[in-house]
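Trainee:
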Amino acid sequence: MTRKPNLLASAALSAIMALTGTVAAEAKTKLKVSHYLPAVHGIHTDFIVPWTEQITACTGGEVEFEIFPAGSQLGNVARQQEQVMAGVVDIAHGLHGIPRGRFPRTSLIDMPFLTDDAGAASYALWSLYPEYLSEEYRGLKVLALHAHNGGLLHTGKKKVETIEDMDGLRIRTPSPAVSEMLSFLGADPQGLPPGEVYESLQRGVIDGTVFPWDPVKSFGLNEVLNYHLDLGAYTVSFFYVMNQRSYDRLSDTAQACIDKYSGADLVAKFGDWWDQWDAPARQEAIDAGHEIITLSDEQRTRWEETLQPMMAAYLQSVEDAGVDNAEDIYKAMQDKIREYEAAHQE
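Next comes the structure, spelled out in structure tokens:
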């Protein structure tokens, strides 16, 4: 008679444990993260993968992630914003300038000779987000805004040293501001996703591209390039955003973990990261015997002065398109960049 209650108790305990396990399993959340860069790029290996691991650890395994990089069904650079807005993915990392025109306020950071420092540009973007840029991210939880180091002009067959050398060159462009810059300098800008640049250079469809150093290695471009003009005339900006509904569905703990590892502390890492990512590509070009051309101070001043009318016209075009405070945003970016530079003087 004493065994029956024990069996009943054991059965009840097993049922409770099974139910608890089911509830725990149901409580787990898997979030989809997409980006457009190869899985060997630092954005993937140093930023996104560690970030997801931090969130998973912080939530005690409540939140897990599935990452879709370039080459995957969700890795198209032109679809990052629309995918996260629609909830096809929960989190996306993408370029503000592709497709063109979706982030006109934020993309003012791409203006020529504003800065060639990823840390300064990223700081300016995050500082100005609440007051000047937030309306471009409705429906999104913004986790980080950042930019890369100053871009170079990379060419395959023609060496570029002067403005006159730009005449007629077909150059891949990443954003509207950079397109305007290239056109004003006499080049023919070609809008191409980064993943199509190698084949386009190889086939002679384009003569060159503008990139910072790191994508040159990530996309294998040193194989089809020979000259690198260290112009440092522009930067390009990126978003790392989450669908607001996906964020709102998370537990308070999960939201707190995402907040902890995003925002200002995350943005502050991009300056050092881009320095780290750029170095191997530059060394690879040196080892391959490529020529790296550096502008003198006088030459750089000439490029900058030549572009002044273009910059004024571009700001006016942004205002004409509906951003009535474009000049205020641009000046605020200049102020924040100077603020960053003053704080980081050695």
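For the sequence shown, the positions run -25 to -1, 1 to 321 when mature numbering (1 follows the signal peptide of the UniProt record, and there is no 0) is used.
Using N, Cα and C, we set each Cβ at its ideal position, and we do this for glycine too.
Nearest CA to the CA of TRP249: which residue from ASP189, MET60, GLY264 and SER292?
Mentor: Stepping through the sequence shown from its first residue, residue 249 is reached at position 274. Of ASP189, MET60, GLY264 and SER292, the residue nearest in Cα terms is ASP189.
Trainee: Among SER158, VAL180 and ALA119, whose alpha-carbon lies nearest the alpha-carbon of ILE18?
Mentor: In the sequence shown, residue 18 corresponds to position 43, counting from 1. Comparing Cα positions, the closest option is ALA119.
Trainee: Within this structure, are the beta carbons of TYR98 and LYS244 separated by less than 8 Å?
Mentor: Residue 98 sits at position 123 when you count from the first residue of the sequence shown. Residue 244 sits at position 269 when you count from the first residue of the sequence shown. Not a contact, by the Cβ cut-off of 8 Å.
Trainee: What does a CB cutoff of less than 8 Å around GLU198 pick up in its chain, not counting 5 residues either side in sequence?
Mentor: Residue 198 sits at position 223 when you count from the first residue of the sequence shown. Within the same chain, GLU198 has close Cβ partners TYR173.
Trainee: Do MET141 and GLY125 count as a contact pair if the criterion is CB distance below 8 Å?
Mentor: Within the sequence shown, numbered from 1, the residue matching residue 125 stands at position 150. Within the sequence shown, numbered from 1, the residue matching residue 141 stands at position 166. Cβ distance not < 8 Å, so GLY125 and MET141 don't count as in contact.
Trainee: Quick one: any contact between the region 35 to 47 and the region 85 to 105, if contact means 3 or more CB pairs under 8 Å?
Mentor: no
Trainee: Whose C-beta lies closer than 7 Å to the C-beta of THR90 among residues of the same chain, with five residues either side of it excluded?
Mentor: Residue 90 sits at position 115 when you count from the first residue of the sequence shown. Cβ within range, chain order: ALA96, THR210 and ILE312.
Trainee: Measure the C-alpha to C-alpha separation of ALA53 and PRO168 and round it to an integer number of angstroms.
Mentor: Start at 1 with the first residue of the sequence shown, and residue 53 comes out as number 78. Start at 1 with the first residue of the sequence shown, and residue 168 comes out as number 193. Computed Cα separation, rounded: 8 Å.
Trainee: Which partner residues does ASP205 have in the DSSP bridge list?
Mentor: The residue labelled residue 205 in the question sits at position 230 within the sequence shown. According to DSSP, which records beta bridges pairwise, ASP205 is partnered with THR269.
Trainee: What are the boundary residues of the alpha helix (DSSP H) that includes GLU174?
Mentor: Sequence index remark: in the sequence shown, residue 174 carries index 199 (1-based). That run of the alpha helix (DSSP H) goes 172 to 177.
Trainee: Among TYR289, TYR315, SER226 and PRO164, which one has its Cα closest to the Cα of TYR305?
Mentor: The residue you call residue 305 lines up with position 330 of the sequence shown. Residue TYR289 is the option with its Cα nearest to TYR305.
Trainee: Please state whether DSSP places ALA122 in a helix, a strand or coil.
Mentor: Your numbering for residue 122 matches position 147 in the sequence shown. In this structure, ALA122 counts as strand in the three-state DSSP scheme.
Trainee: Mind checking which residues open and close the beta strand (DSSP E) that includes MET141?
Mentor: To locate residue 141, count along the sequence shown from 1; it is residue 166. No residue range can be given for MET141, since it is assigned to no beta strand (DSSP E) and is classified by DSSP as neither H nor E.
Trainee: Anyone know if the C-beta pair for LEU115 and VAL59 falls short of 8 Å?
Mentor: Residue numbering aside, residue 115 sits at position 140 when the sequence shown is read from its first letter. Residue numbering aside, residue 59 sits at position 84 when the sequence shown is read from its first letter. Their beta carbons are under 8 Å apart, which means LEU115 touches VAL59 by this criterion.
Trainee: Among PHE214, ASP272 and LEU83, which has the Cα closest to the Cα of VAL298?
Mentor: Position 323 of the sequence shown holds residue 298. Among PHE214, ASP272 and LEU83, the Cα nearest to that of VAL298 belongs to LEU83.
Trainee: If you run the structure through DSSP and keep just helix, strand and coil, what is ASP163?
Mentor: In the sequence shown, counting from the first residue as 1, residue 163 sits at position 188. If DSSP states are grouped into helix, strand and coil, ASP163 belongs with the strands.
Trainee: Going by DSSP in three states, ASN197 sits in which element: helix, strand or coil?
Mentor: As a working mapping, residue 197 is identified with position 222 in the sequence shown. ASN197: helix per DSSP, three-state reduction.
Trainee: Taking buried to mean at least 16 other C-beta atoms within 10 Å of its own C-beta, is LYS192 buried or exposed?
Mentor: The residue labelled residue 192 in the question sits at position 217 within the sequence shown. Classification of LYS192: buried, given that the 10 Å Cβ count is 16 or more.
Trainee: Indicate whether PHE40 and THR20 have their beta-carbon atoms separated by less than 8 Å.
Mentor: On the sequence shown, residue 40 is found 65 positions in, with the first residue counted as 1. On the sequence shown, residue 20 is found 45 positions in, with the first residue counted as 1. Taking 8 Å as the Cβ cut-off, PHE40 and THR20 do not qualify as a contacting pair.
Trainee: Inspect the beta-carbon positions of SER9 and LEU70 and report whether they are closer than 8 Å.
Mentor: In the sequence shown, residue 9 corresponds to position 34, counting from 1. In the sequence shown, residue 70 corresponds to position 95, counting from 1. Result no, Cβ atoms of SER9 and LEU70 do not sit closer than 8 Å.
Trainee: Suppose contacts are defined by Cβ-Cβ distances below 8 Å. Is MET286 in contact with ALA208 by that definition?
Mentor: Looking up residue 286 in the sequence shown gives position 311. Looking up residue 208 in the sequence shown gives position 233. With contacts defined by Cβ atoms closer than 8 Å, MET286 and ALA208 do not form a contacting pair.
Trainee: Which residue's Cα is closest to the Cα of MET86: TYR11, GLU279, CYS33 and ALA2?
Mentor: Residue mapping note: residue 86 aligns to position 111 of the sequence shown, counting from 1. Nearest C-alpha to MET86: GLU279.
Trainee: So, LEU144 versus LEU204, is the Cβ gap smaller than 8 Å?
Mentor: For the purposes of this step, residue 144 is taken as the residue at position 169 of the sequence shown. For the purposes of this step, residue 204 is taken as the residue at position 229 of the sequence shown. Not a contact, by the Cβ cut-off of 8 Å.
Trainee: Pick helix, strand or coil for SER47, following the three-state DSSP scheme.
Mentor: Position 72 of the sequence shown, counted from the first residue, corresponds to residue 47. Secondary structure of SER47 (DSSP, three-state): coil.
Trainee: Where do the ends of the alpha helix (DSSP H) carrying THR228 lie?
Mentor: Sequence index remark: in the sequence shown, residue 228 carries index 253 (1-based). Run containing THR228: 227 to 235, per the alpha helix (DSSP H) assignment.
Trainee: Mind pulling the beta strand (DSSP E) runs of 3 or more residues that sit fully within the region 4 to 74?
Mentor: Fully enclosed beta strand (DSSP E) runs of 3 or longer: 4 to 9, 38 to 43 and 66 to 70.
Trainee: Need the endpoints of the alpha helix (DSSP H) that TYR222 sits in, please.
Mentor: Your numbering for residue 222 matches position 247 in the sequence shown. Its alpha helix (DSSP H) spans residues 219 to 224.
Trainee: Nearest CA to the CA of GLU273: which residue from LEU241, ASN300, GLY170 and ILE138?
Mentor: Locating residue 273 in the sequence shown gives position 298, counting from the first residue. Checking every option, the nearest Cα to that of GLU273 belongs to ILE138.
Trainee: Taking VAL135 as the reference, give the member of ALA152, ALA93 and ILE267 with the closest Cα.
Mentor: Position 160 of the sequence shown, counting from 1, holds the residue named residue 135. Residue ILE267 is the option with its Cα nearest to VAL135.
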